[in-house]
Amino acid sequence: MRVLLSFVLVFAACSAADTTRVAGEASDNETVSVSMSLYILDDADGGTDSPLSSGREIAEIEAIAVLMNEIWAQAGIELDVKTVSRIDVPAEVLIDLGAGDTSSFLNAASAGTFMVPDPSIINGFYLGRIGTANGLTPLGTRIFFVADEPTVNDERVSSHEIGHIFGLHHVLDNSGQLMFSGTNGTELDAAEQSVARYSIEGILDGVR
């Protein structure tokens, strides 16, 4: 647990250095900005040709990030992309992730088994599979994982997972909303927009 916690704190510590202090002074009509880094996970031993490696390309992730920003623009939130890059990860870590277990990834990253270059406040990882889920956000972290072939749009999965990081919960009664599971809905109601912006305030102030 101590190792996992230190990894989370490494990401959290990037807030002051990587993000312009916008949110704390922003009114409801102003855009708030939060830094984001995105990574493609590859098998360190087998390279990009390994069946354990993601089949995605850098340009594809960059395009997803543009569409994610279109979704979050309705809340006046900008995801400021700092880097999109590939990471070589041990095969056993990718196997665990494929089974839906993120603990070995978190522990290995914290131990320096592999490097996560230029982390931001929000950090997303794209991989072949993550159990049976389209995406996953480990509880208490600011990181998310997205599978190569989700059943809904890539930008929707990514934005949904970021919604959890921003303190949003699943919606059960409106399939058009972003936080409804398993659809391509992208709407955020006024309350969700306020919660997300408030959460960013807390992140930038160091209280979340």
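For the sequence shown, the numbering used here gives the first residue as 82, with consecutive numbering after it. Where a beta carbon is used, it is the ideal one built from N, C-alpha and C, also for glycine. Only a predicted model underlies this, so the values are computations on that prediction, with no experimental measurement involved.
Query raised in the report: How about N118 and D161: do their beta carbons lie closer than 7 Å?
Result: Residue mapping note: residue 118 aligns to position 37 of the sequence shown, counting from 1. Residue mapping note: residue 161 aligns to position 80 of the sequence shown, counting from 1. Just to set this straight, residue 118 is Ser in the shown sequence, not Asn. Taking 7 Å as the cut-off, the Cβ atoms of S118 and D161 do not count as close.
Report task. Please classify A144: does DSSP put it in a helix, a strand, or coil? Result -> Sequence index remark: in the sequence shown, residue 144 carries index 63 (1-based). Reduced to three states, the DSSP call for A144 is helix.
Query raised in the report: So, are the CB atoms of I203 and R167 less than 7 Å apart?
Result: By 1-based counting over the sequence shown, the position of residue 203 is 122. By 1-based counting over the sequence shown, the position of residue 167 is 86. For I203 and R167, no; Cβs fall outside 7 Å.
**Report entry** Own chain partners of Q155 with C-beta closer than 6 Å, once the 5 adjacent residues on each side are dropped
**Finding:** Position 74 of the sequence shown, counted from the first residue, corresponds to residue 155. Excluding the 5 residues flanking it on each side, Q155 has same chain C-beta neighbours closer than 6 Å at L269, in chain order.
**Report entry** Rounded Cβ spacing between S280 and I152 (contact assumed at less than 8 Å)
**Finding:** In the sequence shown, counting from the first residue as 1, residue 280 sits at position 199. In the sequence shown, counting from the first residue as 1, residue 152 sits at position 71. With 8 Å as the limit, S280 and I152 do not qualify as a contact, their Cβ atoms being about 16 Å apart.
Requested in this report: For A180, count neighbouring Cβ atoms within 10 angstroms of its own Cβ and tell me buried if that reaches 16, exposed if not.
Outcome: Translated into the one-based positions of the sequence shown, residue 180 becomes position 99. With a threshold of 16 other beta carbon atoms within 10 Å, A180 falls short and is exposed.
Requested in this report: Would you mind reading off the limits of the alpha helix (DSSP H) that contains L175?
Outcome: Taking the first residue of the sequence shown as position 1, residue 175 is located at position 94. Residue range 172–179 is occupied by the alpha helix (DSSP H) that includes L175.
Query raised in the report: How big is the Cα-Cα spacing for Q274 and G157?
Result: Numbered from 1 along the sequence shown, position 193 holds the residue referred to as residue 274. Numbered from 1 along the sequence shown, position 76 holds the residue referred to as residue 157. Between Q274 and G157, the alpha-carbon positions lie close to 8 Å from each other.
Requested in this report: Leaving aside the five residues before and after M260 along the sequence, list all residues of the same chain whose C-beta is less than 6 Å from its C-beta, in chain order.
Outcome: Taking the first residue of the sequence shown as position 1, residue 260 is located at position 179. Listed in chain order, the non-local C-beta contacts of M260 below 6 Å within the same chain comprise G244, L249, H251, V252, local neighbours out to five positions each way being set aside.
**Report entry** Cβ neighbours of N234 in the same chain (closer than 6 Å, five flanking residues each side left out)
**Finding:** The residue labelled residue 234 in the question sits at position 153 within the sequence shown. For N234, where only same-chain residues beyond five positions count, the Cβ hits under 6 Å are N265.
Requested in this report: Taking only the alpha-carbon atoms, compute the straight-line gap between D126 and V227 and give it to the nearest angstrom.
Outcome: Within the sequence shown, residue 126 is the residue found at index 45, counting from 1. Within the sequence shown, residue 227 is the residue found at index 146, counting from 1. A straight-line Cα-Cα distance of about 22 Å links D126 and V227.
Query raised in the report: Would D124 pass as a contact of S131 if the rule is Cβ separation under 7 Å?
Result: Looking up residue 124 in the sequence shown gives position 43. Looking up residue 131 in the sequence shown gives position 50. Yes, these two residues count as a Cβ contact at 7 Å.
Query - Buried or exposed (CB count within 10 angstroms, at least 16 for buried), A277 - result: The residue given as residue 277 occupies position 196 in the sequence shown. So A277 counts as buried.
Requested in this report: For E173, collect the residues of the same chain with a Cβ closer than 8 Å to its Cβ; drop the 5 residues on either side in sequence, then sort them by chain order.
Outcome: Your numbering for residue 173 matches position 92 in the sequence shown. Closer than 8 Å at Cβ, skipping near neighbours: S185.
**Report entry** Cα-Cα separation, V170 to L133
**Finding:** Numbered from 1 along the sequence shown, position 89 holds the residue referred to as residue 170. Numbered from 1 along the sequence shown, position 52 holds the residue referred to as residue 133. Each residue's alpha carbon lies about 10 Å from the other.
Requested in this report: In the DSSP assignment, find the unbroken beta strand (DSSP E) run with D124 in it and report its ends.
Outcome: Taking the first residue of the sequence shown as position 1, residue 124 is located at position 43. Start and end: 113–124.
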